[in-house]
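Beneath this line is the structure, given in structure tokens, with notes to follow.
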Amino acid sequence: MQQPLTAEDQGPAEPVGRGRSFLAWWPIATGLVVGVFSIATDDPSSIDGVLLTLLIPTCAYALIALGGNSSWTWPLTGLVVVTYLAGEALSLPGAVILLGITVATVVGGTAAGRWRPPPAEMRWQPWGALVFLTGVITAMLLDVTAAKVVLAVGLLLHGAWDIVHWRRRAVVSRSLAEWCAALDISLGVGVLALVVFT
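Quick note, the sequence shown lines up with residues 992 to 1189 if you use this note's numbering.
Right, dumping it as structure tokens:
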């Protein structure tokens, strides 16, 4: 059963800038910084960084939705990152591990009847995860340029996904939705621009 929303998530949605202190902008600011840093430093002959930027939030969203408590948002996201890094440290394919976890979460949640409202957004979660995983798997099968286009489009769609969750105060914490939207959109636009203009 869906748990009550955290204090961060209570109340009606409002424009992002209303009544916010300077420090309250940290999710958007850090998301933009990470996105710009990734564009500037990623190896142009590799899709690894862009692929992980789409895969990690997809896996995290699925796990957070399965858990049903937005207060678990950041710990579960951190767990996904640690799982990936542990796999890589053990010479295991971290991306494949996250793909497996996400599929298992979708299948397990379906078997348990987890994707039923309330809230209404719960019914979207498995479909969203499968759409983004399809983008990740497709990118793995393409050449670098085509893969970057697929992943950039996936990031822009995930940015829209984040904004919807932010507006509806649903499933994940608003701070993660803001951080993820800023990262996804900045990186998605940057990667598309690099593909078009270089």
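Cβ atoms here follow ideal geometry from the backbone N, Cα and C, with glycine treated the same way.
(request) Kindly list the residues whose CB is nearer than 6 Å to the CB of G1179, restricted to its own chain and excluding five residues on each side of it in sequence; keep chain order. (result) Correct list, in chain order: A1143, L1146, L1147.
(request) Pair every Cβ in the segment 1064-1075 with every Cβ in the segment 1109-1121, then say whether three or more of these pairs are closer than 8 Å. (result) At 8 Å Cβ cutoff, the stretches do not touch.
(request) Between the Cα of D1039 and those of A1086, V1187, V1098, spot the shortest distance and give me the residue it belongs to. (result) For D1039, the nearest C-alpha among the options comes from A1086.
(message) Can you look up P1066 in the DSSP assignment and give me helix, strand or coil?
(response) It is helical.
(message) By alpha-carbon positions, which one of A1095, A1051, T1074 ends up nearest to T1064?
(response) Of A1095, A1051, T1074, the residue nearest in Cα terms is A1051.
(request) Rounded to whole angstroms, what's the CA-CA distance from A1184 to D1134? Just pull it up for me. (result) Here the C-alpha atom of A1184 lies approximately 17 Å from the C-alpha atom of D1134.
(message) As a quick exercise: from F1188, D1033, P1048, V1098, pick the residue whose alpha carbon is nearest that of E1169.
(response) Among F1188, D1033, P1048, V1098, the Cα nearest to that of E1169 is on P1048.
(request) To the nearest angstrom, report how far apart V1163 and G1059 are at their CA atoms. (result) When rounded, the separation of the alpha-carbon atoms in V1163 and G1059 is 9 Å.
(request) Would you mind reading off the limits of the alpha helix (DSSP H) that contains I1092? (result) Element bounds for I1092: 1085-1102.
(message) To the nearest angstrom, how far is the alpha carbon of A1173 from that of G1104?
(response) Answer to the nearest angstrom: the Cα atoms are 32 Å apart.
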